[in-house]
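Beneath this line is the structure, given in structure tokens, with notes to follow.
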Amino acid sequence: MSEHASVRVFASPGSWIESDALDQCHRVAALDGMRHVAGMPDLHPGKGAPIGAAMLSSVLYPFLVGSDIGCGIAVFPITIKRPHRERLAARFPDLDRPLTPDDDLWPADIPAGHPESLGTVGRGNHFVELARVDAVLRGGRVAQGDLVLIVHSGSRGLGESILRAHTEVHGAGPAADPAAYLKAHDDAVRWGSLNRRLMAERVADALGAEPAEPIVDECHNFVEVRDGLYLHRKGAAGGDGKDVLIAGTRGTPSYLVAGHAGAEANFSVAHGAGRKMSRSDALRRNKVKHTVAELRRTAVGSLVVCGDRQLLFEEAPTAYKRIEQVVGDLVAHELATPVAVTIPLVTYKTRERS
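Below is the structure:
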């Protein structure tokens, strides 16, 4: 075990953190070369490594980033004169259908030459959301009442292929050629950012609007080379001098925050509310508690576009921690300052099935 490895979780005593997630943090801390593991208040167990953690090491471990390299959240201002929820929900484009070279939005330069799945959102917790700025807590780039598109997605199959190429040879071991991994990794990060922009353009076009340049586009699955060490983030956003959108759920607010996290937090902040139920638990429990109709219109009056009934149950707001608690913990530990609060109007998960 690395004698320098340490673990710190930035959560208050009132925040619920699963013991499995803490165990994963300590297992990561035992890896060769590991220096420090910082758990965010949205910490929860992942496949082999905790989600909601930033992990600093002298050794590069691809499995600590995971398969969705470049996953992140971008926020695009958008102007719509009369945002009628039902009409807008009906006009959302099919973001399961990839762009083709015949589409006007087809880019001239595609990172890694990976054309598959361009312009698509993917499944799981990924989404595209039209939201309204409900409150501005300190001066910034948005005003109360503004509309924004929030796009949460990653590198689709590209990051998965990069991790698979590594694990087929090295399993959960370190990268044999860090420079080669980082080159492929950086392509996936650029691909994810491009994909978020393409989706924002597709949605804006379908809604008869023009999206502006993003005010936020921050990754939360990536590795950064910092002072000669590898800072792995899995479900944690860079929080040193950057604005970050911390996603709630499709039925709760999200928070735009100014990050100012230091070394003890591995210069990171949370990326969302964080799951409190596994997908199987959420499916089982929410099938008893809710109907499909109830889950398609949320407590805040927003609409959910999702033709996959199982996904509706798995991603129900009750499957997640309270976003207010997560943000409160960041504030209490002086990692971030809230800038604005957004409320969802329409959240797109996957197209309606005919």
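Quick note: the sequence shown uses this note's numbering, first residue 13, plus one each step. A virtual CB, placed ideally from N, CA and C, is assigned to each residue, including glycine.
(1) Tell me, which residues are paired with residue 362 by DSSP?
(2) Reducing DSSP to helix, strand and coil, say where residue 186 ends up.
(3) Measure the C-alpha to C-alpha separation of residue 108 and residue 126 and round it to an integer number of angstroms.
(4) Judging by CA-CA distance, which residue of 204, 292, 89 is the nearest neighbour of residue 132?
(5) At the level of alpha carbons, what is the spacing between residue 23 and residue 250?
(6) Looking at residue 261: is its Cβ nearer than 8 Å to the Cβ of residue 285?
(7) Going by DSSP, what residues sit across from residue 349 in a beta bridge?
(8) Determine the DSSP secondary structure at residue 54, reduced to helix, strand or coil.
(9) Compare the C-alpha of residue 195 against each of 82, 106, 60 and name the closest.
(10) Is the stretch 303-316 close to the stretch 332-348, with three or more CB pairs under 8 Å?
(11) Could you check the C-alpha separation between residue 14 and residue 243 for me, to the nearest Å?
(12) Can you say whether residue 117 is buried or exposed, counting buried as having 16 or more other CB atoms within 10 angstroms of its CB?
(13) What do you reckon, are the CB atoms on residue 213 and residue 20 nearer than 8 Å?
(14) Quick test of the definition: if touching needs 3 or more C-beta pairs under 8 Å, does the stretch 95-112 touch the stretch 208-222?
On the basis of the data shown:
(1) 318
(2) coil
(3) 17 Å
(4) 204
(5) 18 Å
(6) yes
(7) 270
(8) strand
(9) 82
(10) no
(11) Low per-residue confidence applies at residue 14: pLDDT is 44, beneath 50, and the placement is therefore not dependable enough to give any value.
(12) exposed
(13) no
(14) yes
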